[in-house]
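Before any comments, here is the structure.
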Amino acid sequence: MEAKVVEKQGANVTLSVRVDAATVDATFERVLAQLSRTVKVPGFRPGKAPRGVLEKRVGAEALAEEVRDALVEETYPQAVRELELYPIDAHFHADGAVRGQDFEFTVHADVYPDITLPDLETVKLEAEPKVVSDDDVRAALEQLRRENATLVPVERPVEATDWVLVARLDEGDEADESSTFQVHMDRAGEELKGQLVGKSMGDVLTATFTDPAPEGEDGGTSTTQIRLKVLDVKGKELTASDDDLALQLGLADGAELTRRVRESLETDARRATLEARRDEVVEKLVSGSTLELPGSLVRRRQRSLLQDLAHDLGHQGTTLERYVDRLEQRGKRDEFEAELKEAAEKGVRRDLVLERLMEVRGTEVSDAEYRSALKRLADSRGQDVGRMRQELGEEYLANYRFFLKRDKALREFINELAGEPNEALDETDADEAAEAAALSEDEAADHDHDHGHDHHHDHDHHHR
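What follows is the structure in structure tokens.
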């Protein structure tokens, strides 16, 4: 077998593979032997039909195509290994094989691009860590106090922190139990809240709500009016001391409550800090890297984004087709498709740069780290690890481990920039890897899977 790169432009490669006549003839023999066991020939037991009869039964053209496919299947992986190429999407061009002649085929492929990262020594971290102050703790305690307040009947108009029981009235201003709903004023939307403040028990009002324009429509709003009746109003009686609030929540005293609240806030602060640092570092890595995006990966990401949009639109009672039709009618389809492509390119560029960072740093995820992450993922799904592994399948799990490794590389790089010690993979890493693995699986749904390359991406094989 001889393989050579005919042309290479960025992420696009054309290669030629030639197989000698002796190998072609041997492949004919092997394919015929395989067909003799599967093709039924009247009057003969499997494997016993004379070769001439079998070839006539199969057909010369079909046999030549079977041999062509076998030759490509056998020699293509060897060719890309020899040429040190990592194809993502390959399109094959070949005629049927002919006995006694060399066989040649051409491949047009998208390959993983050469990626040049910025000098990692020059990347600086500017995002300041989030710090929990005493005021933050006091505010959180007050919020807990409000959330666990005792509701007491009041004989006054509704105030901004009350609990209100409201009934939706029909055309005859009648209401039944199924039409009632509770309104916690401190969590209610501003429109409803503004119309209830000042009302008293027994009052009937016509509440007006602004409806946003439907998906795909131009700006502009419509309004909906609903008749409501205030059935009950209760105020919130706050627990006076931290000790009493702690006892109400099943804790020993106010000191333990304060400690728990601070720990929770500090956990949230660490996550917010990591997220801000992650966004900053990723932006600096991506903007400072040079690479050419493989078109097949961008198209695959576009399809995935469209699937997500279709799913969201389904929850809104419409379809992607109707959404695109409305865009077409308003002359905005081209703008939509340009934005879709831009989002896909941004996502693919980010993924490739982070994969390159992982490779440069030589990051690995140990078996213990992997098992621990799987346990956290299973716990978050309320499942046993073994059952979860069966449901997800090996393809998903291979991608999951890969994305754990990618996220670990980024986290460790960020920690080094911040001068902080590296920590074990946590729930955030497990969740983000799960989302990335699901996205990878969605994008690969219509493709054959070939994991010879560490990126765990898929290769399309189209014979022409």
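Residue numbers (the numbering used here): -17 to 446.
Ideal placement from N, C-alpha and C gives every residue a C-beta, glycine not left out.
Can you list, in chain order, the residues of its chain whose CB lies under 7 Å from that of GLU108, leaving out five sequence neighbours each side?
-> GLU262
How long is the line joining the alpha carbons of ARG150 and ASP144, rounded to whole angstroms?
-> 19 Å
According to the Cβ coordinates, are ALA76 and VAL62 closer than 8 Å?
-> no
Could you give the distance in angstroms between the alpha-carbon of LYS(-14) and the alpha-carbon of LEU65?
-> 7 Å
Could you give the uninterrupted runs of the beta strand (DSSP E) lying entirely in the stretch 60 to 84, keeping only those of 3 residues or more?
-> 69 to 75
Please report how far the alpha carbon of LEU67 lies from the alpha carbon of TYR94, in whole angstroms.
-> 8 Å
Residue interval of the alpha helix (DSSP H) (run including GLU156) | Note, GLU156: premise wrong, no alpha helix (DSSP H); not H, not E.
Please report how far the alpha carbon of ASP214 lies from the alpha carbon of GLU317, in whole angstroms.
-> 51 Å
When the Cβ atoms of the stretch 127 to 143 are set against those of the stretch 264 to 283, are three or more pairs found closer than 8 Å?
-> no
Give the range of the beta strand (DSSP E) segment to which ASN(-6) is assigned.
-> -6 to 1
Just checking, does the stretch 207 to 223 make contact with the stretch 172 to 183 on the three C-beta pairs under 8 Å criterion?
-> yes
For THR143, three-class secondary structure by DSSP = coil
Going by Cα to Cα distance, which pick from ARG19, GLY78, ASP96 is closest to GLN(-9)?
-> ASP96
Sequence-distant residues of its chain with Cβ nearer than 6 Å to THR255 (five each side left out) = PRO111, LYS112
Which class does LYS350 belong to by DSSP, given the choice of helix, strand or coil?
-> Sequence check: residue 350 is Ala here, not Lys. In the structure shown, ALA350 sits in a helix (DSSP, three-state: H, G or I).
Apart from the five residues on each side of it in sequence, which residues of its chain come closer than 6 Å, Cβ to Cβ, to ALA91?
-> VAL(-5), PRO69, ALA72
Return the residue from the list LEU399, GLY368, GLU346 that minimises the CA-CA distance to LEU386.
-> GLU346
Inspect the beta-carbon positions of LEU287 and ALA326 and report whether they are closer than 8 Å.
-> yes
Of the choices VAL280, SER348, TYR378, ASP389, whose alpha-carbon is the least far from that of VAL264?
-> ASP389
ARG353 versus GLU337: straight-line alpha-carbon distance, rounded | 22 Å
ALA(-15), enclosing beta strand (DSSP E) - first and last residue | -16 to -9
Alpha-carbon spacing of LEU233 relative to ASP152, whole angstroms | 47 Å
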